[in-house]
Amino acid sequence: MIKETYRNIMDIVFANFIWIMVSFLGILLTLGGATTALFSVIFQVFKTNEPTSVMKTFKKSFLKNFWFSTLVYICLVVLGASTYLMVSTAINQQLDVLLVLGIIASYEIIIFTCYFFPTLAIFKTNKNIELIKNVIILSNYHLWTNIKLLGTIVIVAYLIIAIHPIFIVVAVGLYAFLVAFHLRPIFKPYIEKLDEEGNH
19 MIKETYRNIM
29 DIVFANFIWI
39 MVSFLGILLT
49 LGGATTALFS
59 VIFQVFKTNE
69 PTSVMKTFKK
79 SFLKNFWFST
89 LVYICLVVLG
99 ASTYLMVSTA
109 INQQLDVLLV
119 LGIIASYEII
129 IFTCYFFPTL
139 AIFKTNKNIE
149 LIKNVIILSN
159 YHLWTNIKLL
169 GTIVIVAYLI
179 IAIHPIFIVV
189 AVGLYAFLVA
199 FHLRPIFKPY
209 IEKLDEEGNH
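For the sequence shown, this note's numbering begins at 19 and goes up steadily by one.
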């Protein structure tokens, strides 16, 4: 048990390191694909009866999902920047309605991001638009899970910003692990159904 736990922790740390290297060597343009690949590794780690080939799993997922992950990632960056400007303008000019809209938009973007990359990591789809629709539905259906996901972001941000930036070496992997942990109960019925159909 101890040996298995240690192995899983090291797998997560190694995947975190690969994520950092791939993301920053790609000047952050590869961050979307790297994040999807990271979640592929994390979900594999949860399958304790199966050994995890971190590098192989990461590479396979990264190459398979790169273009779609990158497209969505760029869209999220644009939407995030636009929402930030909206909120800043609302605060500076005391526009209450615009501020409320900005807060709602921020929430939707953050929660969509939390759900999208894990969903893409474990579910196959021939229609990307259908996956996006499903992510939007799921991310607005599980409020308590969303609260836990937001708490996870706060914890990771605190480790990196308030304590020391060196924590990025483990913080991203910790974030992915906690997000996957919270989302597994939601994904489980769909995974079991796909396993029965032989599509997962």
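Each residue gets a CB set at the ideal place from its N, CA and C atoms; glycine is no exception. Every value quoted in this text rests on a predicted model; they were computed, and no experiment measured them.
Checklist entry - My guess is that Val190 and Pro136 are in contact by the Cβ rule of under 8 Å, so how many angstroms apart are they, rounded? => result Going by Cβ atoms, the distance from Val190 to Pro136 rounds to 13 Å, so no, they are not a contact pair.
Checklist entry - To the nearest whole angstrom, what separates the beta carbons of Leu94 and Thr131, a pair I think is in contact under 8 Å? => result 6 Å
Checklist entry - Does the separation of the CB atoms of Ser157 and Ile129 fall below 8 Å? => result yes
Item to check | Range covered by the alpha helix (DSSP H) that runs through Tyr102 | outcome: Val72 to Asn110
Next on the checklist: By the three-class DSSP mapping on this structure, what secondary structure does Phe35 have?
Outcome noted: helix
Next on the checklist: Can you check which of these residues, Lys82, Ile154, Ile165 and Leu43, is closest to Lys142 by C-alpha distance?
Outcome noted: Lys82
Item to check | Beta-carbon spacing of Ala33, Ile60 below 8 Å | outcome: yes
Checklist entry - When burial is assigned at 16 or more other CB atoms within 10 Å of the CB, is Ala180 buried or exposed? => result exposed
Checklist entry - Shorter than 8 Å from the beta carbon of Val72 to some beta carbon of chain B? => result Within the model displayed, chain B is absent; a lone protein chain is all it includes.
Checklist entry - Shortest alpha-carbon distance to Ser87 belongs to which of Met19, Phe134, Ile178 and Ile140? => result Phe134
Checklist entry - Excluding the five sequence neighbours on either side, which residues of its own chain have a C-beta within less than 7 Å of the C-beta of Ser41, listed in chain order? => result Thr48, Leu49 and Ala52
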